[in-house]
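Residue numbers (our numbering), protein chains in the order written: chain A, 17 to 214; chain B, 17 to 214.
All C-beta atoms in this analysis are idealised placements derived from N, C-alpha and C, irrespective of residue type, glycine included.
Just so you know, these numbers come straight off a predicted model, no measurement behind them.
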């Protein structure tokens, strides 16, 4: 996950992978925080992709139209993978997994929210890594060879960042912004969305 | 806002108003919590409407396709109005305001998130009410005749519920679920999305 282009990370977007039956807030929490970071405080731009480029229907019925199909998106500086029931199907979809693997290899950082960690695992990105996930999936992840599971709000292991369930994605996003842009900027983002950091 | 149909509130949906330049998380936070309430714990169904029935583009670019146009949606048991910069335009849109007024008159409850309170005000729903909003809009709301503003995470005044900025919508949603279904159910919803109540 080196910066193969030699461009500073802010020149490449934060790319959010959309898929059917993803959990709505797994996407929208980090999307909001990263977007405020971009809009007000100099963070990288944000965009969404789905396998086909057509709308996805999230777990509770929200229909979201992506900015691009996987094949048509720009190179990601940061890849964000939400979770939800649909992560099970994505974890068996060779086309999406191939894109995740290729994208991760060129991105600076890879983030998963909630059970999105299943997709990182299925793409072969977690060997030797420590991760976390939604409480309902901790046992599942603990059975993956070469993966260490920790129960935490979020875990950073090098450039692989994973969060606990749903709302923990917001804490992960804030921690990421803090690491990239410092405490003061992260605090301003949190203040704008009136999110007292945990 | 009496229950004109005589139906129990759970038979009528929670209807979320979508509009261009709404703040993404104003929608998605309450949407997630109400949807989990419906999906797992017997809460009412949730749906989205927009003026035309076509997709809206939220403040940071997320494109969301509504379930119906205003004219085609079912009668709302609960109306949820997000905020964001787009609330200024909606507050001058007679068609949407007319729908909000009519919908509110038949709904059990009306909720606004963040600066969505502007839309309730413009629809004439706040006379004599105490409300809150995003910190950037507290002074604006304090100038509305007949409206009392309180700086709080959320405010319930009868069947008008208003929240502070963005993430406070989740606390409002949890407070609503608690009032309708009790502490234990609200706690189960919070536990599922791993949101420690504030």
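Pick from the options that is closest to residue i, judged by C-alpha positions
| i | options | result |
| --- | --- | --- |
| residue 95 (chain A) | A:30, A:56, A:53 and A:212 | A:30 |
| residue 65 (chain B) | B:32, B:36 and B:48 | B:32 |
| residue 88 (chain B) | B:198, B:109, B:115 and B:76 | B:115 |
| residue 73 (chain A) | A:198, A:123, A:149 and A:40 | A:40 |
| residue 36 (chain B) | B:49, B:47, B:81 and B:154 | B:81 |
| residue 102 (chain A) | A:131, A:110, A:157 and A:179 | A:131 |
| residue 197 (chain A) | A:176, A:57 and A:126 | A:57 |
| residue 34 (chain A) | A:128, A:199, A:177 and A:161 | A:128 |
| residue 83 (chain B) | A:153, A:99, A:76 and A:49 | A:76 |
Contact belief for residue i with residue j at Cβ below 8 angstroms, rounded distance in angstroms
| i | j | result |
| --- | --- | --- |
| residue 170 (chain B) | residue 143 (chain B) | With a Cβ gap of about 20 angstroms, residue 170 (chain B) and residue 143 (chain B) do not count as contacting. |
| residue 112 (chain A) | residue 67 (chain A) | 5 angstroms |
| residue 92 (chain A) | residue 123 (chain A) | 5 angstroms |
| residue 155 (chain A) | residue 133 (chain A) | Actually they do not touch by this definition, with Cβ atoms about 13 angstroms apart. |
| residue 149 (chain B) | residue 107 (chain B) | Wrong, their Cβ atoms sit about 13 angstroms apart, outside the cutoff. |
Span separating the alpha-carbon of residue i from that of residue j
| i | j | result |
| --- | --- | --- |
| residue 43 (chain A) | residue 28 (chain B) | 27 angstroms |
| residue 159 (chain A) | residue 167 (chain A) | 14 angstroms |
| residue 90 (chain A) | residue 151 (chain B) | 36 angstroms |
| residue 62 (chain A) | residue 52 (chain A) | 10 angstroms |
| residue 189 (chain B) | residue 174 (chain B) | 15 angstroms |
| residue 141 (chain A) | residue 117 (chain A) | 7 angstroms |
| residue 191 (chain B) | residue 210 (chain B) | 16 angstroms |
| residue 104 (chain A) | residue 145 (chain B) | 47 angstroms |
| residue 202 (chain B) | residue 202 (chain A) | 29 angstroms |
| residue 109 (chain A) | residue 46 (chain B) | 31 angstroms |
| residue 121 (chain A) | residue 176 (chain A) | 11 angstroms |
| residue 183 (chain A) | residue 193 (chain A) | 16 angstroms |
| residue 199 (chain B) | residue 205 (chain B) | 10 angstroms |
| residue 164 (chain A) | residue 178 (chain A) | 12 angstroms |
CB contact below 8 angstroms: residue i versus chain B
| i | result |
| --- | --- |
| residue 53 (chain A) | no |
| residue 45 (chain A) | yes |
| residue 184 (chain A) | yes |
| residue 209 (chain A) | yes |
| residue 69 (chain A) | no |
| residue 48 (chain A) | yes |
| residue 76 (chain A) | yes |
Per DSSP, cross-strand counterpart(s) of residue i
| i | result |
| --- | --- |
| residue 170 (chain B) | B:179 |
| residue 62 (chain B) | B:30 |
| residue 164 (chain A) | A:146 |
| residue 70 (chain A) | Answer by DSSP bridge pairing: none, since residue 70 (chain A) is not bridged. |
Short CB-CB distance (under 8 angstroms) between residue i and chain A
| i | result |
| --- | --- |
| residue 79 (chain B) | yes |
| residue 180 (chain B) | yes |
| residue 17 (chain B) | Note that residue 17 (chain B) has pLDDT 43, beneath the 50 cutoff, so the model's placement of it is unreliable and the number below is only indicative. No, residue 17 (chain B) does not count as interfacial toward chain A. |
| residue 40 (chain B) | yes |
| residue 125 (chain B) | no |
| residue 137 (chain B) | no |
Any C-beta of chain C under 8 angstroms from that of residue i
| i | result |
| --- | --- |
| residue 134 (chain B) | No chain C is present in this structure, whose protein chains are A and B. |
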